[in-house]
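Visitor: Before I ask anything, let me first share the structure, which is written out below as structure tokens.
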Amino acid sequence: MEGLISLAIGLLMGAGLWLCLRARSFDVVLGLTLVSYAVNLMIFAMGRLRVGQPPIIDPARPADLQHYVDPLPQALVLTAIVISFAMSALLLVLALKTRSEHGSDHVDGEEPAP
Amino acid sequence: MSHWIAAPLVLPLCVGALQLLLERHGPRVQRGVGLLAVAALLAINLHLLQLADGAGSLSYLVGNWPAEFGIALTLDRLSAALLCLCALLALICLLYASAGGDRGGAHFHALFQFQLLGLNGAFLTGDLFNLFVWFEVLLIASYGLLLHGAPRATLKAGMHYVVLNLVGSALFLVALALLFGVLGTLNMAHMATRIAELPASDVRLVHTAGWMLIVVFALKAAILPLSLWLPATYSQAPAAIAALFAIMTKVGVYAILRTQSLLFGSGSEGLQGFAGTLLASAGAIAVVVAGLGALAASTLKRLCAYLVLGSAASLVMLFALNQVQATAAALLYLLHSTLAAALLFLLADLCARARGSAGDSLRLTAAMAWPQRLGVLCFLAMMLLAALPPWSGFLAKLAMLQALLAVPGQGGLAAALLLGGALNLLALMRAFSHLCWNRPEGEVRQTVEIRRREWGAVYALLALLVLLSVAVAPTARFGETTARAIHAATDSIPILLAPPEKARPEIAK
Numbered sequence: 000m001e002g003l004i005s006l007a008i009g010l011l012m013g014a015g016l017w018l019c020l021r022a023r024s025f026d027v028v029l030g031l032t033l034v035s036y037a038v039n040l041m042i043f044a045m046g047r048l049r050v051g052q053p054p055i056i057d058p059a060r061p062a063d064l065q066h067y068v069d070p071l072p073q074a075l076v077l078t079a080i081v082i083s084f085a086m087s088a089l090l091l092v093l094a095l096k097t098r099s100e101h102g103s104d105h106v107d108g109e110e111p112a113p
Numbered sequence: 000m001s002h003w004i005a006a007p008l009v010l011p012l013c014v015g016a017l018q019l020l021l022e023r024h025g026p027r028v029q030r031g032v033g034l035l036a037v038a039a040l041l042a043i044n045l046h047l048l049q050l051a052d053g054a055g056s057l058s059y060l061v062g063n064w065p066a067e068f069g070i071a072l073t074l075d076r077l078s079a080a081l082l083c084l085c086a087l088l089a090l091i092c093l094l095y096a097s098a099g100g101d102r103g104g105a106h107f108h109a110l111f112q113f114q115l116l117g118l119n120g121a122f123l124t125g126d127l128f129n130l131f132v133w134f135e136v137l138l139i140a141s142y143g144l145l146l147h148g149a150p151r152a153t154l155k156a157g158m159h160y161v162v163l164n165l166v167g168s169a170l171f172l173v174a175l176a177l178l179f180g181v182l183g184t185l186n187m188a189h190m191a192t193r194i195a196e197l198p199a200s201d202v203r204l205v206h207t208a209g210w211m212l213i214v215v216f217a218l219k220a221a222i223l224p225l226s227l228w229l230p231a232t233y234s235q236a237p238a239a240i241a242a243l244f245a246i247m248t249k250v251g252v253y254a255i256l257r258t259q260s261l262l263f264g265s266g267s268e269g270l271q272g273f274a275g276t277l278l279a280s281a282g283a284i285a286v287v288v289a290g291l292g293a294l295a296a297s298t299l300k301r302l303c304a305y306l307v308l309g310s311a312a313s314l315v316m317l318f319a320l321n322q323v324q325a326t327a328a329a330l331l332y333l334l335h336s337t338l339a340a341a342l343l344f345l346l347a348d349l350c351a352r353a354r355g356s357a358g359d360s361l362r363l364t365a366a367m368a369w370p371q372r373l374g375v376l377c378f379l380a381m382m383l384l385a386a387l388p389p390w391s392g393f394l395a396k397l398a399m400l401q402a403l404l405a406v407p408g409q410g411g412l413a414a415a416l417l418l419g420g421a422l423n424l425l426a427l428m429r430a431f432s433h434l435c436w437n438r439p440e441g442e443v444r445q446t447v448e449i450r451r452r453e454w455g456a457v458y459a460l461l462a463l464l465v466l467l468s469v470a471v472a473p474t475a476r477f478g479e480t481t482a483r484a485i486h487a488a489t490d491s492i493p494i495l496l497a498p499p500e501k502a503r504p505e506i507a508k
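The listed protein sequences derive, respectively, from chains A and B. Residue numbers for the first sequence follow numbering that gives the first Met the number 0, beginning at 0 and rising by one. Residue numbers for the second sequence follow numbering that gives the first Met the number 0, beginning at 0 and rising by one.
This is how it looks when you write it as structure tokens:
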């Protein structure tokens with residue numbers, strides 16, 4: 000499972016960064032979204048991967064680390080998701096405004112000279 | 000545990016929300032409330048400075064959770080001094096903006112308070128993830144303020160600024176995730192103890208994460224090669240906002256200093272000061288390149304942005320040396336250069352308006368309005384920025400040079416600092432002669448209006464700088480005490496990790 004998750008994170012990050020380096024603002028927005036997915040997955044995975052273990056204390060379970068998953072990365076990832084979501088929304092608005100003001104969705108606001 | 004430590008966060012948060020409600024009542028009410036709030040913030044921060052100067056390090060446990068589990072705020076001399084600087088600068092910028100600059104777009108006053116919230120939070124937090132959150136708060140507010148009633152050129156600069164910072168935030172999160180995965184905590188003091196007893200197999204992971212943090216903070220502090228966004232962004236921002244942004248690069252510098260001294264301070268073998276050499280050389284190159292940029296700048300605002308770049312780079316260079324003397328000198332320079340850069344940003348706006356269509360472009364045109372008054376002010380501001388005697392900047396630069404020369408083998412850094420200073424001086428002389436020594440027979444424009452508040456803000460900033468020059472000895476002494484505390488940052492860990500004074504009541508099962 001570790002291998003699969005790392006592969007997914009790497010793939011998302013790679014694709015996201017590649018898109019970020021492109022010159023169209025739409026691609027950049029998509030790229031940043033993919034990067035934020037990769038980052039969220041990574042934070043989540045940093046609490047160690049466990050299947051079927053709750054993060055919240057359950058009186059029926061013995062109170063040791065074998066029976067629970069670390070709850071903190073889940074809280075962290077929630078914060079990161081909210082922030083990256085808000086940032087993506089802001090970036091989209093900005094990209095749309097730039098597009099309508101300049102008439103071009105090039106990240107520099109104008110088409111490069113041929 | 001003084002509850003005042005949380006006040007610099009609570010006050011801007013509440014006032015920012017209040018400002019949204021007050022929008023219906025027009026700008027006068029908003030300006031009054033905003034100025035009052037920032038003045039109150041300044042008073043609180045001065046109290047905190049006094050508190051920190053007496054106690055050294057203080058920790059505030061939000062919600063009375065133990066530091067390892069909750070979010071702890073940390074107050075020490077460094078953060079208290081930066082809080083005061085920030086509030087002072089904000090008061091002056093808000094005064095300047097309240098002459099009319101705040102009406103360019105909606106929600107200026109609310110965004111301004113949130114900007115302060117983010118800045119204060121970044122200075123106060125003792126938790127690395129919380130630092131990320133405050134960075135985002137101050138960035139979101141800065142996007143809003145930068146794009147405030149934006150003309151077209153600003154949109155382009157704003158887009159680059161936003162995208163770069165989003166990539167930076169992603170990298171910050173990756174570094175945080177790595178550190179949390181290895182250390183199992185995000186409280187900086189607790190992380191420092193974990194790093195000190197790190198098994199050898201994990202050193203490389205922490206090393207990698209440490210470098211990522213350096214890259215992120217260097218992006219905020221605009222250290223070469225991560226600085227290319229700054230001149231375009233700052234020169235496009237409205238004057239009062241650009242002046243406030245003069246402290247934003249210092250947040251990055253502060254974060255570098257904080258993490259390097261606490262996380263990778265004494266005790267962390269194999270990791271202690273790992274970034275020193277590279278940061279020092281990057282800073283030295285950045286100082287010279289910023290000087291060249293200043294020389295090539297075509298407008299006064301752009302010139303000023305390059306000077307901000309140069310000052311942040313020289314700060315990083317000095318901090319990277321990891322010497323008490325160097326840090327003390329750099330702290331004094333930090334105060335001076337932030338205020339002086341803000342002054343020139345405000346003056347650049349006044350000059351641009353007094354010159355009519357020529358704006359603040361550095362070419363010869365007809366004389367500007369108020370030639371004597373603006374000329375003298377520009378002269379003084381440029382003298383201050385070029386670190387000429389008799390001002391505090393000169394003494395700070397001198398102390399920096401002495402600190403550099405005291406370390407064997409760092410002659411190159413001293414040479415870079417001198418070269419950068421000479422280039423800045425040349426650029427400022429050129430700018431001054433273009434702006435103020437123009438042909439007197441040209442038509443003089445008196446049609447523009449500069450409000451009394453704007454003059455007042457400029458005079459206040461100048462008075463502050465004069466005061467800093469007069470009180471340079473106590474400030475330098477304070478800087479030295481602060482520097483000593485920074486270099487012994489790991490000594491404060493027991494205070495920062497002290498259990499809550501009152502035990503939490505047991506939650507009913």
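Just so it is clear, CB atoms sit at the ideal spot from N, CA and C, and this is done for glycine as well.
#1: Please confirm if residue 0 of chain A has its CB atom under 9 Å from at least one CB of chain B.
#2: Measuring CA to CA, which of B/330, B/110, B/136 and B/380 is closest to residue 303 of chain B?
#3: Tell me, which residues are paired with residue 59 of chain B by DSSP?
#4: For the alpha helix (DSSP H) holding residue 409 of chain B, just list the boundary residues, first then last.
#5: In chain B, which residues lie less than 9 Å from residue 35 of chain A when you measure between Cβ atoms?
#6: When you compare the CB positions of residue 495 of chain B and residue 186 of chain B, do they come within less than 9 Å of one another, or not?
#7: Express the C-alpha separation of residue 419 of chain B and residue 425 of chain B in angstroms, rounding to a whole number.
#8: I'd like to confirm the pairing. Which residues does DSSP put opposite residue 450 of chain B in its beta bridges?
#9: Could you pull the DSSP bridge partners for residue 105 of chain A from this structure?
#10: Would you tell me roughly how many angstroms separate the C-alpha atoms of residue 353 of chain B and residue 412 of chain B, rounded to the nearest one?
#11: Would you identify the three-state DSSP class for residue 186 of chain B, choosing helix, strand or coil?
#12: Which residues of chain A have a Cβ atom closer than 7 Å to the Cβ of residue 107 of chain B, listed in chain order?
#13: In the DSSP assignment, the alpha helix (DSSP H) including residue 260 of chain B goes from what residue to what residue?
#14: Please identify, using Cβ separations under 8 Å, the residues of the stretch 250-263 of chain B that lie next to chain A, in order along the chain.
#15: Buried or exposed: residue 237 of chain B, going by 16 or more other Cβ atoms within 10 Å of its Cβ?
#16: Give me the Cα-Cα distance between residue 356 of chain B and residue 153 of chain B, rounded to the nearest whole angstrom.
#17: Leaving aside the five residues before and after residue 20 of chain B along the sequence, list all residues of the same chain whose C-beta is less than 6 Å from its C-beta, in chain order.
#18: At the level of alpha carbons, what is the spacing between residue 508 of chain B and residue 46 of chain A?
#19: Which of the residues in the stretch 95-111 of chain A, read from start to end, lie with their CB under 9 Å from any CB of chain B?
#20: Could you name each continuous alpha helix (DSSP H) segment of 4 residues or more that falls completely within the stretch 161-214 of chain B, going from the start of the chain to the end?
#21: Along the stretch 293-316 of chain B, where does the CB come closer than 9 Å to a CB of chain A? Name the residues.
#22: Thinking C-alpha only, which one of A/39, A/106 and A/49 is nearest residue 1 of chain A?
#23: How many angstroms separate the CA atom of residue 493 of chain B from the CA atom of residue 474 of chain B?
#24: Exposed or buried, which one is residue 49 of chain B when buried takes at least 16 other CB atoms within 10 Å?
#25: Just to confirm, are residue 384 of chain B and residue 456 of chain B a CB contact at a threshold of 9 Å?
#26: Is the CB of residue 158 of chain B under 9 Å away from at least one CB in chain A?
#27: Whose Cβ in chain A lies nearer than 8 Å to the Cβ of residue 113 of chain B?
#28: Counting pairs of beta carbons, one from the stretch 73-85 of chain B and one from the stretch 71-90 of chain A, are three or more of them closer than 8 Å?
#29: Which residues in chain A sit within 8 Å of residue 135 of chain B, going by Cβ to Cβ distance?
#30: Assign residue 297 of chain B to one of three DSSP states: helix, strand, or coil.
#31: Is the distance from the Cβ of residue 432 of chain B to the Cβ of residue 312 of chain B below 9 Å?
#32: Kindly indicate the opening and closing residues of the alpha helix (DSSP H) around residue 476 of chain B.
#33: Please report how far the alpha carbon of residue 449 of chain B lies from the alpha carbon of residue 100 of chain B, in whole angstroms.
#34: Kindly list the residues whose CB is nearer than 8 Å to the CB of residue 172 of chain B, restricted to its own chain and excluding five residues on each side of it in sequence; keep chain order.
#35: Check whether the stretch 166-181 of chain B touches the stretch 205-218 of chain B, counting contact only when three or more Cβ pairs, one atom from each stretch, lie closer than 8 Å.
Guide: Working from what's here:
#1: Counting from 1 along the first sequence, the entry for residue 0 of chain A is found at position 1. Not one beta carbon of chain B lies nearer than 9 Å to the beta carbon of residue 0 of chain A.
#2: If you number the second sequence from 1, residue 303 of chain B lands on position 304. Minimum Cα distance to residue 303 of chain B is reached at B/380.
#3: For the purposes of this step, residue 59 of chain B is taken as the residue at position 60 of the second sequence. In the DSSP output, where bridge partners are listed per residue, residue 59 of chain B has B/72.
#4: Along the second sequence, read from residue 1 onward, the residue named residue 409 of chain B stands at position 410. Per DSSP, residue 409 of chain B lies in no alpha helix (DSSP H) and is assigned neither H nor E.
#5: For the purposes of this step, residue 35 of chain A is taken as residue 36 along the first sequence, with counting starting at 1. Close to residue 35 of chain A, with beta-carbon spacing below 9 Å, are these residues of chain B in chain order: 165, 168, 169 and 172.
#6: One-based indexing of the second sequence puts residue 495 of chain B at position 496. One-based indexing of the second sequence puts residue 186 of chain B at position 187. Yes, these two residues count as a Cβ contact at 9 Å.
#7: Mapped onto the second sequence, residue 425 of chain B falls at position 426. Mapped onto the second sequence, residue 419 of chain B falls at position 420. Straight-line Cα distance between these residues: approximately 10 Å.
#8: Here residue 450 of chain B refers to the residue found at position 451 of the second sequence. The partner list for residue 450 of chain B (beta bridge, DSSP) is empty, contrary to what the question assumes.
#9: Your numbering for residue 105 of chain A matches position 106 in the first sequence. Bridge partners of residue 105 of chain A: A/23.
#10: Working through the second sequence from its first residue, we reach residue 353 of chain B at position 354. Working through the second sequence from its first residue, we reach residue 412 of chain B at position 413. When rounded, the separation of the alpha-carbon atoms in residue 353 of chain B and residue 412 of chain B is 40 Å.
#11: For the purposes of this step, residue 186 of chain B is taken as the residue at position 187 of the second sequence. DSSP places residue 186 of chain B in strand when its eight states are reduced to three.
#12: Locating residue 107 of chain B in the second sequence gives position 108, where the first residue counts as 1. Per Cβ cutoff of 7 Å: no residues; residue 107 of chain B is ~17 Å from chain A at best.
#13: On the second sequence, position 261 is the one that residue 260 of chain B refers to. Residue 260 of chain B: member of the alpha helix (DSSP H) spanning 247-261, first to last residue.
#14: Of all residues in the stretch 250-263 of chain B, none is placed with a Cβ closer than 8 Å to any Cβ belonging to chain A.
#15: As a first step, residue 237 of chain B must be located in the second sequence, where it is residue number 238. Per the 10 Å Cβ criterion, buried.
#16: The sequence position of residue 356 of chain B within the second sequence is 357, counting from 1. The sequence position of residue 153 of chain B within the second sequence is 154, counting from 1. One C-alpha to the other measures close to 18 Å.
#17: For the purposes of this step, residue 20 of chain B is identified with residue 21 of the second sequence, where counting begins at 1. Cβ within range, chain order: n/a, list empty.
#18: Stepping through the second sequence from its first residue, residue 508 of chain B is reached at position 509. Stepping through the first sequence from its first residue, residue 46 of chain A is reached at position 47. A caution first: residue 508 of chain B carries a pLDDT of 47, below 50, which makes its placement in the model unreliable, though a value can still be read off. Taking C-alpha positions only, residue 508 of chain B is separated from residue 46 of chain A by approximately 27 Å.
#19: Taking 9 Å as the upper bound on Cβ-Cβ separation, chain B lies near residues 96, 97, 100, 101, 106, 107, 108 and 109 of the stretch 95-111 of chain A.
#20: For the stretch 161-214 of chain B, whole alpha helix (DSSP H) runs of length 4 or above, ordered along the chain, are 187-195.
#21: Cβ contacts with chain A come from no residue of the stretch 293-316 of chain B.
#22: As a working note, residue 1 of chain A is residue 2 in the first sequence. Nearest of A/39, A/106 and A/49 to residue 1 of chain A, Cα basis: A/49.
#23: For the purposes of this step, residue 493 of chain B is taken as the residue at position 494 of the second sequence. For the purposes of this step, residue 474 of chain B is taken as the residue at position 475 of the second sequence. Using only the alpha carbons, I get a separation of about 28 Å.
#24: Mapped onto the second sequence, residue 49 of chain B falls at position 50. Residue 49 of chain B sits exposed, since fewer than 16 C-beta atoms from the chains shown fall within 10 Å of its C-beta.
#25: Here residue 384 of chain B is taken as the residue at index 385 of the second sequence, counted from 1. Here residue 456 of chain B is taken as the residue at index 457 of the second sequence, counted from 1. No. Outside cutoff.
#26: The residue labelled residue 158 of chain B in the question sits at position 159 within the second sequence. Residue 158 of chain B counts as touching chain A.
#27: In the second sequence, residue 113 of chain B corresponds to position 114, counting from 1. Within 8 Å Cβ-Cβ: nothing; residue 113 of chain B doesn't reach chain A, min ~13 Å.
#28: Result no; under three Cβ-Cβ pairs closer than 8 Å.
#29: Walking along the second sequence from the start, residue 135 of chain B turns up at place 136. Neighbours of residue 135 of chain B in chain A, taken as residues whose beta carbon is under 8 Å from its own, are 82 and 86 in chain order.
#30: Looking up residue 297 of chain B in the second sequence gives position 298. In the three-state DSSP reduction, residue 297 of chain B falls in the coil class, being neither helix nor strand.
#31: By 1-based counting over the second sequence, the position of residue 432 of chain B is 433. By 1-based counting over the second sequence, the position of residue 312 of chain B is 313. Taking 9 Å as the Cβ cut-off, residue 432 of chain B and residue 312 of chain B do not qualify as a contacting pair.
#32: Taking the first residue of the second sequence as 1, we reach residue 476 of chain B at position 477. In the DSSP assignment, residue 476 of chain B falls within the unbroken alpha helix (DSSP H) covering 471-486.
#33: As a first step, residue 449 of chain B must be located in the second sequence, where it is residue number 450. As a first step, residue 100 of chain B must be located in the second sequence, where it is residue number 101. For residue 449 of chain B and residue 100 of chain B, the distance between alpha carbons rounds to 11 Å.
#34: To locate residue 172 of chain B, count along the second sequence from 1; it is residue 173. Excluding sequence neighbours, residue 172 of chain B sits near 131.
#35: With the cut-off at 8 Å, the stretch 166-181 of chain B and the stretch 205-218 of chain B touch.
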